[in-house]
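Reading through the structure tokens given below for one structure.
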Amino acid sequence: MEPVPVSDSAQIQGQFDTAEVVIVASAFGADVIRRDGHVAWLAAAAEAGAAGFEVRRELFRSDADTSLDALALLGHAIERFGMWPVYSTPDSLYRDDGSLDRVALSAAMAEAGALGARFVKLQLGAFDGRADGDGLRDAVAEGRARLVVENGQLREGGLLSQFVELFAALERESTGGVLGMAFDIGNWQWPGEDPLHAAKALAPHVEYIHCKAVVGEGARRFAAAPAADDASCARIFSVLPRHVPRGIEFPFDRDRVASDAKRRVAWLAAA
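Residue numbers (UniProt numbering): 1 to 271.
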């Protein structure tokens with residue numbers, strides 16, 4: 001599957017009022033994906049109207065599922081259902097010592113390439129101001145997927161200041177276009193950041209959005225579907241780029257998965 005270049009995707013989507021919607025595999029339930037595999041839920045995602053399907057490496061049942069051959073088969077299956085893949089890995093871009101993790105990045109790029117992914121998503125990790133833009137550029141030069149880095153739920157890799165510093169450092173190194181931002185609306189709340197403030201600061205870099213609300217307090221926070229009267233998502237979407245794909249990362253209603261998935265896809269496309 002030949003991924004649509006980000007610039008072309010932006011141009012195409014900018015002509016319409018709706019955004020492309022990705023269903024993240026975990027929306028069907030992490031335990032369900034681990035039990036059944038990703039392929040078992042592709043038809044449900046396609047029938048709900050999703051344009052893309054996000055594969056989560058941490059939800060594979062065995063290491064064999066992460067082989068390049070297995071990922072290629074999964075990518076072809078996603079394509080047959082008329083969707084394009086996103087590849088998500090829990091690995092971090094920067095090691096604990098602040099250095100670029102070239103091994104993890106190279107592995108992620110290779111796996112995403114086998115899958116035919118449009119985006120490959122990593123966590124930021126322990127970024128300390130040293131971007132190593134040349135290293136990033138070399139690592140992604142031969143890859144097919146667009147590298148995006150996501151704000152996580154921990155303070156390390158989840159603070160707004162780290163992302164502001166990352167993109168500023170890349171600009172200083174003349175490598176500002178080497179990666180984009182995967183903006184997770186809900187994740188900002190774990191380290192105590194304001195999602196709207198983050199959206200205003202990072203909007204020029206955002207190329208993919210994860211949508212979810214958060215319920216609970218402290219360490220016991222959980223992803224949830226946005227309430228019907230929750231205006232926060234609308235305010236955030238009004239700040240972020242309209243044309244970028246939006247991912248559903250909140251759980252569907254398990255008593256009516258098909259109808260809930262279809263309703264949520266239609267809502268997020270038009271939100």
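Here a beta-carbon is modelled for each residue, glycine too, at the ideal position from N, C-alpha and C.
Model, not experiment: these values are computed from the prediction.
Where residue i sits in the DSSP three-state scheme
i: residue 61; result: coil
i: residue 269; result: helix
i: residue 3; result: The predicted model places residue 3 with a pLDDT of 37, which falls under 50 and marks its position as unreliable, so this point remains unresolved.
i: residue 23; result: strand
i: residue 186; result: coil
i: residue 240; result: coil
i: residue 15; result: Confidence at residue 15 is low in this model, with a pLDDT of 45, below 50, so its placement is unreliable and the value that follows should be read with caution. Residue state, collapsed to three classes: coil.
i: residue 10; result: The pLDDT assigned to residue 10 is 42, lower than 50, so where the model puts this residue is not dependable; a value taken from the coordinates is nonetheless given after this. Here residue 10 sits in helix by DSSP.
i: residue 210; result: strand
i: residue 113; result: helix
i: residue 28; result: helix
i: residue 223; result: strand
i: residue 47; result: helix
i: residue 35; result: helix
i: residue 56; result: strand
i: residue 235; result: helix
i: residue 264; result: helix
i: residue 118; result: coil
i: residue 246; result: strand
Distance CB(residue i)-CB(residue j) smaller than 8 Å
i: residue 150; j: residue 121; result: yes
i: residue 257; j: residue 44; result: yes
i: residue 144; j: residue 52; result: no
i: residue 209; j: residue 27; result: no
i: residue 29; j: residue 254; result: yes
i: residue 164; j: residue 170; result: no
i: residue 186; j: residue 205; result: no
i: residue 154; j: residue 191; result: yes
i: residue 111; j: residue 74; result: no
i: residue 23; j: residue 261; result: yes
i: residue 116; j: residue 85; result: yes
i: residue 212; j: residue 167; result: no
i: residue 358; j: residue 114; result: What is shown of the chain runs 1 to 271, which leaves residue 358 out entirely.
i: residue 236; j: residue 196; result: yes
i: residue 183; j: residue 240; result: yes
i: residue 189; j: residue 221; result: yes
Expected contact under 8 Å - CB spacing of residue i and residue j to nearest Å
i: residue 20; j: residue 245; result: 4 Å
i: residue 271; j: residue 231; result: Actually they are not in contact, since the Cβ atoms of residue 271 and residue 231 sit about 11 Å apart, beyond 8 Å.
i: residue 77; j: residue 42; result: 6 Å
i: residue 160; j: residue 203; result: About 12 Å; that fails the 8 Å criterion.
i: residue 105; j: residue 124; result: At roughly 12 Å, the Cβ-Cβ gap does not stay under 8 Å, so residue 105 and residue 124 are not in contact.
i: residue 133; j: residue 175; result: 3 Å
i: residue 139; j: residue 95; result: So it is not a contact: roughly 14 Å between Cβ atoms.
i: residue 61; j: residue 88; result: No, residue 61 and residue 88 are not in contact; Cβ-Cβ is about 16 Å, not under 8 Å.
i: residue 48; j: residue 265; result: 5 Å
i: residue 173; j: residue 131; result: 6 Å
CB contact check: residue i to chain B, cutoff 8 Å
i: residue 98; result: The structure shown has no chain B; it contains just one protein chain.
Check: What residue ranges within the region 123-181 form continuous alpha helix (DSSP H) runs of no fewer than 4 residues, ordered along the chain?
Finding: Within the region 123-181, the runs of alpha helix (DSSP H) at least 4 residues long that lie entirely inside it are, in chain order, 133-140 and 160-172.
Next item on the list: Would you check if the region 98-108 and the region 226-239 touch, i.e. whether three or more CB-CB distances between them fall below 8 Å?
Entry: In this structure the region 226-239 does not touch the region 98-108; the number of beta carbon pairs closer than 8 Å is below three.
Check: Hey, which unbroken runs of the alpha helix (DSSP H) at 4 residues or more fall wholly within the region 63-92?
Finding: Qualifying alpha helix (DSSP H) stretches, in chain order: 68-80.
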